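Take a look at the structure set out below.
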Amino acid sequence: MGKIVLEDVEEGTLDRLKALASSTGRTPEEEAKLLLAGALAREAGEHARRRDLLERMRRTAAMTRPDMDADITDLIREDRDR
Numbered sequence: 001m002g003k004i005v006l007e008d009v010e011e012g013t014l015d016r017l018k019a020l021a022s023s024t025g026r027t028p029e030e031e032a033k034l035l036l037a038g039a040l041a042r043e044a045g046e047h048a049r050r051r052d053l054l055e056r057m058r059r060t061a062a063m064t065r066p067d068m069d070a071d072i073t074d075l076i077r078e079d080r081d082r
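FYI, the numbering for the sequence shown is 1 to 82, going by the working numbering.
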């Protein structure tokens with residue numbers, strides 16, 4: 001298992017970590033591991049959501065007619081002439 005060392009952690013952050021750990025019966029180290037794992041899982045989920053959204057946007061763009069880049073003014077005039 002790997003090891004990380006955090007330096008220059010704000011005192012308030014460390015105090016909140018210790019209080020949370022105390023309230024759950026865990027050590028600050030155990031609590032930090034759980035918080036880090038949870039944050040990474042949420043970030044992975046958000047990354048997947050953004051990737052899916054981008055893919056849907058690409059599929060939608062692929063369904064758009066190639067001539068849709070035409071000047072909208074021309075399209076309006078064409079419609080009026082009908």
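The C-beta atom is built at its ideal place from N, Cα and C for all residues, glycine as well. Bear in mind the structure is a predicted one, so any value in this text is a computation, not a measurement.
Look at residue 29 here: in three-state DSSP terms it is helix.
In the three-state reduction of the DSSP assignment, residue 81 falls in the coil class. Burial state of residue 31 is buried, judged by a 10 Å Cβ sphere holding 16 or more other Cβ atoms. Annotated as distal: residue 19 and residue 27, with beta-carbon spacing of 8 Å or more.
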